[in-house]
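Here the structure is laid out as structure tokens; the discussion comes afterwards.
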Ligand SMILES: [Zn+2]
Ligand SMILES: [Zn+2]
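Numbering (our numbering), first residue to last: 818 to 1206.
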């Protein structure tokens, strides 16, 4: 393994930063202490920083010591989640109810580590923008930074992102050639019938029974309308009918999530959801109204840039430890908005098994401090390889 922290000093710095960030989790667009902390570190490395994109976002710029026209952006997300942390270790959250349960504290730290190392060793030709992005969890800070002119103010030839991945062994990376994270839309549906006494169902049009048939029928879309080689997920997760056991409600509200990779798959599945909900409801005298609230688009790597990431990760852990055939995740990621306007790639860094194999967003989640040097080294390798060739 080839890391930038042979003497361990930078690793000690990074552990300290990571533990501080874990203790001070802040939610999307409210990351004020976090942003101040990041800014303080970056300024101590002698970097020029720009603040204010998406409220709490920071972009730090570093020029290599050799002449070069290349410019790349490296992005880390900085926000936490509204989860009450159950861990009892010393670096547990001091903000009760908020928690870094997605490892963004680690992402921020690895990018800070790379920024510090590269500031001291600017052995490359060109420019690096270190992008610290707020509000990945639901708000879409990535979209806001792009809309507020991230790439107009800081034009990049390419932009790269990285997420820690529990279950992938520590010491490994995973790179996808194209799709890596899914697109997400929220399904919102109202099924209307005719309410009445539950003991006299013949006097009603029961929207609960219609809803049950719709929910069941929706599961036939992926299994019977999509090719087995196309991917989508439909999960209906909320059903709200009447508040009493003896009342058939007038209407039922349903919500759920839709995931897919290709826009045309998403459009097709949405049209089938509408057809089934409306058709089944109408057949028994009811009505359905279906809406889709668009979420993040799919995160799609550009193969050329995925290959650059493979090369950089291989230089750190060896090519045998860079997984290249893992399936993509049905989770979503707002780095997708950056990739829509700038070519690049998004990779996973193995976080190891974690406590009881615990997954992202779990109230026991903890980013693995042992992988900090690997992630920081990957960023450094990527800069040196991309801006010296
Ligand atoms: Zn998350
Ligand atoms: Zn995350």
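C-beta atoms are modelled at their ideal positions from N, C-alpha and C, and glycine is treated no differently.
* What distance in whole Å lies between the Cβ atoms of residue 1145 and residue 979, which are believed to be in contact at a cut-off of 8 Å? -> So it is not a contact: roughly 15 Å between Cβ atoms.
| said: Report the CB separation of residue 1091 from residue 1110 in whole angstroms; it is logged as a contact under 8 Å. | reply: A Cβ-Cβ separation of about 14 Å leaves residue 1091 out of contact with residue 1110 under the 8 Å criterion.
Spatial neighbours of residue 1194 within its chain, please: C-beta separation below 6 Å, excluding the five flanking residues on both sides. Annotation for residue 1194: 820, 821, 1133 place their beta carbon closer than 6 Å to its own, counting only its chain and skipping 5 residues before and after.
Between the CA atoms of residue 873 and residue 850 - distance to the nearest angstrom:
So the two alpha carbons sit approximately 9 Å from each other.
* **Opposing strand residues paired with residue 1162 [DSSP bridges]** => Answer by DSSP bridge pairing, in chain order: 977.
Have a look at the DSSP bridge pairing and note the partners of residue 1108. Residue 1108 has 1005 as its beta-bridge partners, per DSSP.
Review point. Run through DSSP, which three-state label would residue 1056 get?
Key: Here residue 1056 sits in strand by DSSP.
Run the CB neighbour count on residue 1018, radius 10 Å, all protein chains shown included, and call it buried at 16 or more, exposed below.
Under a 10 Å Cβ-count criterion, residue 1018 is classified as exposed, with fewer than 16 other Cβ atoms of the shown protein chains found around its own Cβ.
If you run the structure through DSSP and keep just helix, strand and coil, what is residue 877? The three-state secondary structure of residue 877, taken from DSSP, is strand.
*asked:* Quick check: residue 1011 and residue 1072, are their CB atoms within less than 8 Å of each other?
replied: No. Outside cutoff.
Quiz item: Taking the continuous beta strand (DSSP E) assigned at residue 1076, which residues delimit it?
Solution: 1068–1077 is the extent of the beta strand (DSSP E) around residue 1076.
message: DSSP has residue 834 in a bridge; who is on the other side?
response: Bridge partners of residue 834: none, in fact.
Exercise for the section: Examine the Cβ distances between the segment 859–872 and the segment 964–981 and report whether three or more of them are shorter than 8 Å. Expected result: A contact between stretches requires three or more CB pairs, one per stretch, nearer than 8 Å, and the segment 859–872 meets this requirement with the segment 964–981.
By the DSSP assignment, the alpha helix (DSSP H) with residue 1090 in it spans what residues? Counting along the chain, the alpha helix (DSSP H) containing residue 1090 begins and ends at 1080–1100.
With DSSP run on the structure shown, which of helix, strand or coil describes residue 1146? DSSP, reduced to helix, strand and coil, places residue 1146 within a strand of the structure shown.
Practice task
Alpha carbon to alpha carbon, how far is residue 1055 from residue 1096? Give it in angstroms, no decimals.
Solution key: If I take the Cα positions, the gap works out to 21 Å.
From the DSSP secondary-structure annotation, give me the bridge partner or partners of residue 947. As computed with DSSP, residue 947 is found in a beta bridge with 877, 891.
Measuring only the C-alpha atoms, how far is residue 948 from residue 1182?
Between the alpha carbons of residue 948 and residue 1182 lies a distance of about 24 Å.
| For residue 865, three-class secondary structure by DSSP | Three-state result, residue 865: strand.
- Any idea what DSSP makes of residue 860, helix, strand or coil? Three-state DSSP puts residue 860 in a helix.
**Asked** In this structure, does DSSP put residue 846 in helix, strand or coil?
**Response** Three-state result, residue 846: coil.
Apart from the five residues on each side of it in sequence, which residues of its chain come closer than 7 Å, Cβ to Cβ, to residue 945? Exclusion of the five residues before and after residue 945 leaves 879, 889, 891, 935, 1200 as the residues of its chain whose Cβ lies within less than 7 Å of its Cβ.
### Query
Buried or exposed: residue 1120, going by 16 or more other Cβ atoms within 10 Å of its Cβ?
It counts as exposed.
Below 8 Å between beta carbons: does that hold for residue 816 and residue 990?
Outside the shown range of the chain, which is 818 to 1206, sits residue 816, and nothing can be said about it.
Practice item. Could you tell me which of 992, 1074, 1148, 1180 sits nearest to residue 1128, measuring between CA atoms? Key: Nearest C-alpha to residue 1128 among 992, 1074, 1148, 1180: 992.
On a Cα-Cα basis, can you pick out the residue from 1101, 1105, 1157 that is closest to residue 1118?
Taking only the C-alpha atoms, the option nearest residue 1118 is 1157.
For residue 1087, collect the residues of the same chain with a Cβ closer than 6 Å to its Cβ; drop the 5 residues on either side in sequence, then sort them by chain order. Here the set comprises 1109.
Cβ of residue 1177 versus every heavy atom of ligand 2: is any distance shorter than 7 Å?
Between ligand 2 and the CB of residue 1177, the shortest heavy atom gap is smaller than 7 Å.
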